[in-house]
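Encoded as C-alpha coordinates, the structure appears first; notes follow it.
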Amino acid sequence: MLTIDPALFRPEAIAPETLAVNEKIETFLQSAPSIMDLGPVLVRELRAKGEGLLAKQPEHEMARWETAKALGLEVPVRVFKPAGDLRGVYLHIHGGGHTIGTADSQDQTLAELAQRAAVGVVSVEYRLAPENPWPLPADDCEAAAVWLFENAKDLFGTDKIVVGGESAGGHLSAVTVLRLRDNHQLAFAGANLVYGVFDCSETPSLRNWGDRNLILNTPIVRWFAEQLRSSDEAKKVDRKDPAISPLYADLTGLCPALFSVGTLDPIMDDTLFMAPRWLAAGNETELEIYPGGIHAFDMIPGLPIAAQHHERAASFVVKCLS
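For the sequence shown, the positions run 26 to 347 when our numbering is used.
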(Lines of atoms letter the chains of each structure in order from A and count residues from 1; the text may use other names and numbers.)
(Lines give C-alpha, C1' and ligand atoms only; values in the text may rest on other atoms or scores of the structure.)
Protein backbone atom coordinates (compact mmCIF):
# COMPACT_ATOMS: atom_id res chain seq x y z
CA MET A 1 0.00 0.00 0.00
CA LEU A 2 1.27 3.46 -0.91
CA THR A 3 0.71 6.30 1.50
CA ILE A 4 1.69 9.86 0.69
CA ASP A 5 1.97 12.48 3.42
CA PRO A 6 0.72 15.84 2.05
CA ALA A 7 3.09 17.60 4.44
CA LEU A 8 5.99 16.50 2.21
CA PHE A 9 4.84 18.94 -0.47
CA ARG A 10 4.62 22.01 1.77
CA PRO A 11 7.38 24.65 1.59
CA GLU A 12 8.17 24.23 5.29
CA ALA A 13 9.10 20.58 4.66
CA ILE A 14 12.18 21.66 2.68
CA ALA A 15 15.33 21.49 4.78
CA PRO A 16 17.42 24.69 4.95
CA GLU A 17 20.36 22.90 3.31
CA THR A 18 18.18 21.86 0.38
CA LEU A 19 16.71 25.32 0.02
CA ALA A 20 20.17 26.93 0.01
CA VAL A 21 21.45 24.58 -2.70
CA ASN A 22 18.34 25.10 -4.83
CA GLU A 23 18.68 28.88 -4.63
CA LYS A 24 22.34 28.70 -5.61
CA ILE A 25 21.58 26.45 -8.60
CA GLU A 26 18.66 28.58 -9.76
CA THR A 27 20.75 31.75 -9.55
CA PHE A 28 23.56 30.15 -11.52
CA LEU A 29 21.24 28.86 -14.25
CA GLN A 30 19.58 32.25 -14.70
CA SER A 31 22.77 33.61 -16.27
CA ALA A 32 24.19 30.41 -17.78
CA PRO A 33 23.40 29.26 -21.34
CA SER A 34 20.99 26.35 -21.41
CA ILE A 35 21.51 23.06 -23.20
CA MET A 36 19.13 24.40 -25.85
CA ASP A 37 21.61 27.21 -26.52
CA LEU A 38 24.76 25.08 -26.37
CA GLY A 39 23.51 21.96 -28.15
CA PRO A 40 24.14 18.35 -27.11
CA VAL A 41 27.61 17.96 -28.66
CA LEU A 42 29.13 20.90 -26.77
CA VAL A 43 27.43 19.91 -23.52
CA ARG A 44 28.86 16.41 -23.84
CA GLU A 45 32.34 17.86 -24.36
CA LEU A 46 32.05 20.20 -21.37
CA ARG A 47 30.81 17.47 -19.04
CA ALA A 48 33.59 15.14 -20.16
CA LYS A 49 36.07 17.84 -19.09
CA GLY A 50 34.47 18.01 -15.64
CA GLU A 51 32.67 21.29 -16.27
CA GLY A 52 29.08 22.19 -15.44
CA LEU A 53 26.68 21.39 -12.61
CA LEU A 54 26.44 17.67 -13.43
CA ALA A 55 29.97 17.08 -14.65
CA LYS A 56 31.55 13.67 -15.11
CA GLN A 57 32.85 12.14 -11.89
CA PRO A 58 36.49 11.03 -11.60
CA GLU A 59 37.18 7.53 -12.87
CA HIS A 60 37.21 4.70 -10.35
CA GLU A 61 39.91 2.06 -10.37
CA MET A 62 37.33 -0.71 -10.07
CA ALA A 63 35.68 0.15 -13.39
CA ARG A 64 36.49 -1.37 -16.75
CA TRP A 65 34.90 -1.43 -20.18
CA GLU A 66 33.33 -4.53 -21.72
CA THR A 67 31.19 -5.14 -24.80
CA ALA A 68 27.70 -6.57 -24.45
CA LYS A 69 26.89 -8.65 -27.53
CA ALA A 70 23.27 -9.66 -28.02
CA LEU A 71 20.36 -9.26 -30.43
CA GLY A 72 22.79 -8.42 -33.23
CA LEU A 73 24.16 -5.38 -31.37
CA GLU A 74 27.44 -4.58 -29.65
CA VAL A 75 26.93 -2.20 -26.74
CA PRO A 76 29.76 -0.82 -24.58
CA VAL A 77 29.15 -1.31 -20.86
CA ARG A 78 31.00 -0.06 -17.80
CA VAL A 79 31.59 -2.94 -15.37
CA PHE A 80 32.24 -2.76 -11.61
CA LYS A 81 33.09 -5.92 -9.69
CA PRO A 82 33.93 -5.51 -6.00
CA ALA A 83 35.86 -8.15 -4.09
CA GLY A 84 34.09 -10.99 -2.30
CA ASP A 85 30.86 -12.87 -2.86
CA LEU A 86 28.18 -10.81 -4.57
CA ARG A 87 24.44 -10.71 -3.90
CA GLY A 88 23.59 -9.94 -7.49
CA VAL A 89 24.10 -7.42 -10.28
CA TYR A 90 22.77 -3.90 -10.79
CA LEU A 91 22.14 -2.97 -14.41
CA HIS A 92 22.44 0.82 -14.49
CA ILE A 93 21.04 3.06 -17.23
CA HIS A 94 22.21 6.66 -17.01
CA GLY A 95 20.12 9.78 -17.50
CA GLY A 96 20.58 12.87 -19.65
CA GLY A 97 17.39 13.29 -21.64
CA HIS A 98 18.43 10.42 -23.96
CA THR A 99 20.79 13.03 -25.41
CA ILE A 100 23.74 13.50 -23.04
CA GLY A 101 25.39 11.43 -20.31
CA THR A 102 27.71 8.44 -20.43
CA ALA A 103 28.15 5.11 -18.69
CA ASP A 104 31.38 6.36 -17.08
CA SER A 105 29.98 9.66 -15.81
CA GLN A 106 29.03 8.25 -12.37
CA ASP A 107 31.99 6.00 -11.57
CA GLN A 108 32.24 7.09 -7.94
CA THR A 109 28.53 6.73 -7.23
CA LEU A 110 28.29 3.32 -8.91
CA ALA A 111 31.43 2.02 -7.22
CA GLU A 112 29.99 3.10 -3.87
CA LEU A 113 26.76 1.23 -4.61
CA ALA A 114 28.73 -1.85 -5.68
CA GLN A 115 30.62 -1.89 -2.39
CA ARG A 116 27.73 -0.89 -0.13
CA ALA A 117 25.29 -3.45 -1.55
CA ALA A 118 27.87 -6.13 -2.49
CA VAL A 119 26.74 -6.19 -6.10
CA GLY A 120 28.33 -6.12 -9.49
CA VAL A 121 27.34 -3.10 -11.55
CA VAL A 122 26.98 -2.87 -15.32
CA SER A 123 26.27 0.60 -16.74
CA VAL A 124 25.02 0.84 -20.32
CA GLU A 125 26.62 3.16 -22.90
CA TYR A 126 23.54 3.35 -25.09
CA ARG A 127 23.44 5.39 -28.27
CA LEU A 128 22.29 8.97 -27.82
CA ALA A 129 19.78 11.15 -29.65
CA PRO A 130 19.49 13.13 -31.85
CA GLU A 131 22.09 11.18 -33.82
CA ASN A 132 20.37 7.96 -32.71
CA PRO A 133 16.63 8.62 -32.26
CA TRP A 134 13.95 6.37 -30.81
CA PRO A 135 13.98 3.40 -30.53
CA LEU A 136 17.78 2.96 -30.82
CA PRO A 137 18.62 3.93 -27.19
CA ALA A 138 16.04 1.42 -25.95
CA ASP A 139 17.33 -1.26 -28.35
CA ASP A 140 20.81 -0.93 -26.82
CA CYS A 141 19.47 -1.23 -23.29
CA GLU A 142 17.46 -4.33 -24.20
CA ALA A 143 20.53 -5.92 -25.81
CA ALA A 144 22.73 -5.12 -22.80
CA ALA A 145 20.13 -6.63 -20.47
CA VAL A 146 19.81 -9.83 -22.50
CA TRP A 147 23.62 -10.13 -22.59
CA LEU A 148 23.79 -9.68 -18.82
CA PHE A 149 21.16 -12.35 -18.19
CA GLU A 150 23.17 -14.70 -20.39
CA ASN A 151 26.53 -13.93 -18.77
CA ALA A 152 25.92 -12.73 -15.20
CA LYS A 153 26.57 -16.14 -13.65
CA ASP A 154 29.97 -16.45 -15.29
CA LEU A 155 30.97 -12.82 -14.74
CA PHE A 156 29.67 -12.27 -11.23
CA GLY A 157 28.77 -15.68 -9.80
CA THR A 158 25.08 -14.79 -9.60
CA ASP A 159 22.16 -14.43 -11.99
CA LYS A 160 20.03 -12.13 -9.85
CA ILE A 161 19.71 -8.75 -11.56
CA VAL A 162 18.18 -5.43 -10.51
CA VAL A 163 17.78 -2.67 -13.08
CA GLY A 164 17.68 1.05 -12.40
CA GLY A 165 18.43 4.52 -13.60
CA GLU A 166 17.71 8.21 -13.31
CA SER A 167 15.51 10.44 -15.49
CA ALA A 168 15.88 9.15 -19.07
CA GLY A 169 17.56 6.17 -17.42
CA GLY A 170 14.45 5.60 -15.31
CA HIS A 171 12.40 5.70 -18.51
CA LEU A 172 14.70 3.27 -20.30
CA SER A 173 14.79 1.00 -17.25
CA ALA A 174 11.00 0.70 -17.25
CA VAL A 175 11.00 0.11 -21.01
CA THR A 176 13.66 -2.57 -20.57
CA VAL A 177 11.67 -4.31 -17.83
CA LEU A 178 8.70 -4.50 -20.21
CA ARG A 179 10.74 -5.58 -23.23
CA LEU A 180 12.42 -8.40 -21.32
CA ARG A 181 9.07 -9.66 -20.07
CA ASP A 182 7.39 -9.44 -23.46
CA ASN A 183 10.24 -10.34 -25.82
CA HIS A 184 12.37 -12.75 -23.77
CA GLN A 185 10.28 -13.99 -20.82
CA LEU A 186 12.96 -12.69 -18.44
CA ALA A 187 12.33 -10.99 -15.11
CA PHE A 188 14.46 -8.65 -13.05
CA ALA A 189 14.64 -9.00 -9.28
CA GLY A 190 13.78 -5.33 -8.87
CA ALA A 191 13.70 -1.90 -10.51
CA ASN A 192 15.09 1.31 -9.00
CA LEU A 193 13.24 4.01 -10.95
CA VAL A 194 14.54 7.48 -10.08
CA TYR A 195 12.50 10.50 -11.29
CA GLY A 196 11.87 8.74 -14.58
CA VAL A 197 9.91 9.91 -17.60
CA PHE A 198 7.02 7.48 -17.95
CA ASP A 199 4.59 9.52 -20.05
CA CYS A 200 6.15 11.08 -23.15
CA SER A 201 2.89 12.90 -23.90
CA GLU A 202 3.55 15.12 -20.84
CA THR A 203 1.96 15.01 -17.39
CA PRO A 204 0.32 18.05 -15.76
CA SER A 205 3.30 18.92 -13.57
CA LEU A 206 5.44 19.38 -16.67
CA ARG A 207 2.84 21.30 -18.65
CA ASN A 208 2.22 23.66 -15.73
CA TRP A 209 5.84 24.15 -14.65
CA GLY A 210 6.88 26.94 -17.02
CA ASP A 211 10.29 28.56 -17.47
CA ARG A 212 11.70 28.33 -13.94
CA ASN A 213 14.96 26.46 -14.39
CA LEU A 214 15.94 24.02 -11.67
CA ILE A 215 18.02 21.79 -13.99
CA LEU A 216 14.83 21.21 -15.98
CA ASN A 217 11.87 23.29 -17.03
CA THR A 218 9.05 22.84 -19.54
CA PRO A 219 10.94 24.12 -22.61
CA ILE A 220 14.04 22.04 -21.82
CA VAL A 221 12.06 18.80 -21.39
CA ARG A 222 10.26 19.47 -24.66
CA TRP A 223 13.59 20.12 -26.37
CA PHE A 224 14.89 16.77 -25.10
CA ALA A 225 11.75 15.09 -26.45
CA GLU A 226 12.37 16.64 -29.86
CA GLN A 227 15.89 15.17 -29.91
CA LEU A 228 14.58 11.67 -29.15
CA ARG A 229 12.01 11.97 -31.93
CA SER A 230 14.32 13.66 -34.44
CA SER A 231 13.83 11.23 -37.32
CA ASP A 232 10.74 11.16 -39.53
CA GLU A 233 10.01 7.62 -38.39
CA ALA A 234 10.28 8.52 -34.70
CA LYS A 235 7.97 11.50 -35.18
CA LYS A 236 5.23 9.11 -36.29
CA VAL A 237 5.27 7.29 -32.94
CA ASP A 238 2.21 7.98 -30.81
CA ARG A 239 3.60 9.51 -27.62
CA LYS A 240 1.05 7.48 -25.63
CA ASP A 241 2.17 4.23 -27.23
CA PRO A 242 3.15 1.91 -24.34
CA ALA A 243 6.36 1.12 -26.22
CA ILE A 244 7.63 4.64 -25.54
CA SER A 245 5.40 5.67 -22.60
CA PRO A 246 5.39 2.85 -20.01
CA LEU A 247 2.63 4.54 -18.01
CA TYR A 248 0.17 3.18 -20.59
CA ALA A 249 1.56 -0.36 -20.68
CA ASP A 250 0.19 -3.57 -19.21
CA LEU A 251 2.19 -3.64 -15.97
CA THR A 252 1.10 -7.03 -14.67
CA GLY A 253 3.67 -9.58 -13.59
CA LEU A 254 6.55 -7.16 -13.04
CA CYS A 255 9.29 -7.00 -10.43
CA PRO A 256 9.24 -4.95 -7.20
CA ALA A 257 10.00 -1.29 -7.83
CA LEU A 258 11.21 1.68 -5.85
CA PHE A 259 10.09 5.03 -7.25
CA SER A 260 11.90 8.18 -6.11
CA VAL A 261 11.27 11.85 -6.90
CA GLY A 262 11.68 15.32 -5.44
CA THR A 263 8.83 17.76 -4.93
CA LEU A 264 10.47 20.46 -7.10
CA ASP A 265 10.92 18.28 -10.17
CA PRO A 266 8.95 19.36 -13.27
CA ILE A 267 8.32 15.72 -14.13
CA MET A 268 7.18 14.78 -10.63
CA ASP A 269 3.77 13.58 -11.88
CA ASP A 270 5.41 10.87 -13.99
CA THR A 271 6.48 9.16 -10.77
CA LEU A 272 3.32 9.98 -8.83
CA PHE A 273 1.20 8.47 -11.62
CA MET A 274 3.43 5.48 -12.40
CA ALA A 275 3.92 4.17 -8.87
CA PRO A 276 0.17 3.61 -8.21
CA ARG A 277 -0.24 1.99 -11.62
CA TRP A 278 2.66 -0.38 -10.83
CA LEU A 279 0.99 -1.19 -7.50
CA ALA A 280 -2.50 -1.58 -9.01
CA ALA A 281 -1.10 -4.15 -11.43
CA GLY A 282 -0.27 -6.35 -8.43
CA ASN A 283 3.44 -5.56 -8.11
CA GLU A 284 5.35 -4.69 -4.96
CA THR A 285 5.79 -0.93 -5.01
CA GLU A 286 7.62 1.59 -2.84
CA LEU A 287 7.63 5.36 -3.21
CA GLU A 288 10.06 7.88 -1.76
CA ILE A 289 9.35 11.62 -2.00
CA TYR A 290 12.09 14.13 -1.16
CA PRO A 291 10.90 17.61 -0.07
CA GLY A 292 12.53 20.27 -2.20
CA GLY A 293 14.32 17.75 -4.34
CA ILE A 294 14.99 19.14 -7.81
CA HIS A 295 15.71 17.06 -10.88
CA ALA A 296 19.07 15.30 -10.38
CA PHE A 297 19.10 16.18 -6.68
CA ASP A 298 20.81 12.88 -5.97
CA MET A 299 23.87 13.97 -7.98
CA ILE A 300 24.59 17.07 -5.88
CA PRO A 301 27.62 16.39 -3.61
CA GLY A 302 27.05 16.99 0.07
CA LEU A 303 23.28 17.42 -0.16
CA PRO A 304 21.67 15.49 2.74
CA ILE A 305 18.67 14.28 0.75
CA ALA A 306 21.07 12.95 -1.90
CA ALA A 307 22.84 10.85 0.73
CA GLN A 308 19.46 9.68 2.06
CA HIS A 309 18.41 8.64 -1.43
CA HIS A 310 21.60 6.67 -2.12
CA GLU A 311 21.24 4.83 1.20
CA ARG A 312 17.58 4.09 0.50
CA ALA A 313 18.31 2.85 -3.03
CA ALA A 314 21.11 0.58 -1.81
CA SER A 315 18.82 -0.88 0.84
CA PHE A 316 16.18 -1.55 -1.79
CA VAL A 317 18.71 -3.30 -4.05
CA VAL A 318 19.85 -5.49 -1.14
CA LYS A 319 16.24 -6.32 -0.28
CA CYS A 320 15.46 -7.37 -3.84
CA LEU A 321 18.50 -9.64 -3.97
CA SER A 322 18.05 -11.23 -0.53
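The beta carbon of each residue, even a glycine, is placed where N, CA and C say it ideally should be.
Only a predicted model underlies this, so the values are computations on that prediction, with no experimental measurement involved.
- Message: Can you look up Y115 in the DSSP assignment and give me helix, strand or coil?
- Response: Note: Y115 maps to strand in three-state DSSP.
- Item | Member of P326, R237, E156 and L297 whose CA lies at the smallest distance from the CA of V222 | For V222, the closest of P326, R237, E156 and L297 by C-alpha to C-alpha distance is L297.
- First and last residue of the uninterrupted beta strand (DSSP E) at G190: I186 to E191
- Item | Where the alpha helix (DSSP H) through W159 begins and ends | It is not in any alpha helix (DSSP H) - W159 carries neither H nor E in the DSSP assignment.
- Message: Across the region 125–136 and the region 83–101, are there enough close Cβ pairs to call them in contact, namely three or more that are closer than 8 Å?
- Response: yes
- Could you work out which residue in F53, D290, A331 and A170 is closest to G77 when comparing CA atoms only? F53
- Task: Look up K94 in the DSSP assignment and give the residues it is bridged to.
- Result: The partner list for K94 (beta bridge, DSSP) reads E99.
- Message: Is there a Cβ of chain C sitting closer than 8 Å to that of F223, yes or no?
- Response: In summary, chain C is missing from the structure at hand, where a single protein chain is found.
- Message: By the three-class DSSP mapping on this structure, what secondary structure does R227 have?
- Response: The amino acid occupying residue 227 in the given sequence is Glu; Arg does not appear at that position. Three-state result, E227: coil.
- Message: Whole angstroms are fine: how far does the CA of S59 sit from the CA of I292?
- Response: 18 Å
- State the DSSP-derived secondary structure class of F213, mapped to helix, strand or coil. coil
- Message: Taking 8 Å as the threshold (C-beta atoms), are L161 and P125 in contact?
- Response: Before going further, note that residue 125 is Ile rather than Pro in the sequence given. Contact flag unset, no.
- Query: If we count the other Cβ atoms within 10 Å of its Cβ and call it buried at 16 or more, is R103 buried or exposed?
  - Reply: buried
- Query: So the beta strand (DSSP E) A45 belongs to, where does it begin and stop?
  - Reply: From DSSP, A45 is part of no beta strand (DSSP E) but of the alpha helix (DSSP H) over P41 to S56.
- Item | Secondary structure of R237, DSSP reduced to three states | Coil at R237, not helix or strand.
- May I have the straight-line CA-CA distance separating K349 from T183, to the nearest angstrom? Since the first and last residues shown for the chain are 26 and 347, residue 349 lies out of range.
- Query: Y315 by DSSP, collapsed to three states: which one?
  - Reply: strand
- Message: If you follow the beta strand (DSSP E) that T124 is in, where does it begin and where does it stop?
- Response: From DSSP, T124 is part of no beta strand (DSSP E); its letter is neither H nor E.
- Message: Would the region 261–274 count as touching the region 217–231 if we require 3 or more Cβ pairs under 8 Å?
- Response: yes
- Query: Is A142 closer than 8 Å to A339 when the C-beta atoms are compared?
  - Reply: yes
- Which partner residues does L153 have in the DSSP bridge list? The partner list for L153 (beta bridge, DSSP) is empty, contrary to what the question assumes.
- In this structure, does DSSP put T183 in helix, strand or coil? coil
- Is C166 near V144, with beta carbons less than 8 Å apart? no
- E48 versus G317: straight-line alpha-carbon distance, rounded: Taking the straight line from one Cα to the other gives about 11 Å.
- Item | Residues bridged to T89 [DSSP beta-bridge criterion] | The sequence shown places Arg at residue 89, not Thr. Paired residue(s): V104.
- From this set, A305, R254 and V100, which residue's C-alpha is nearest L276's C-alpha? A305
- Message: the ligand MG and L253: does any heavy atom of the ligand fall closer than 7 Å to the residue's C-beta?
- Response: As for the ligand MG, it is missing from this structure, which has no ligand bound.
- Looking at the structure shown, is G194 part of a helix, part of a strand, or coil, going by DSSP? helix
- Message: Quick check: what's the CA-CA separation for A212 versus L205?
- Response: 7 Å
- Item | Candidates T92, E137, D30 and L96: closest to P107 by CA position | E137
- Whole-angstrom Cβ separation of W159 and V262, contact assumed at under 8 Å? 6 Å
- Task: Taking all protein chains shown into account, decide if G215 is buried (16 or more other Cβ within 10 angstroms of its Cβ) or exposed.
- Result: buried
- For L67, which of helix, strand or coil comes out of DSSP? helix
- Message: Per DSSP, what are the beta-bridge partners of L219 in this structure?
- Response: Before going further, note that residue 219 is Val rather than Leu in the sequence given. Looking at the DSSP assignment, V219 forms a beta bridge with E191 and S285.
- Take A88 and list the residues in its own chain whose beta-carbon comes closer than 8 Å to its own, dropping the five residues that flank it on each side. R103, V104, F105, D129, D132, L135 and A136
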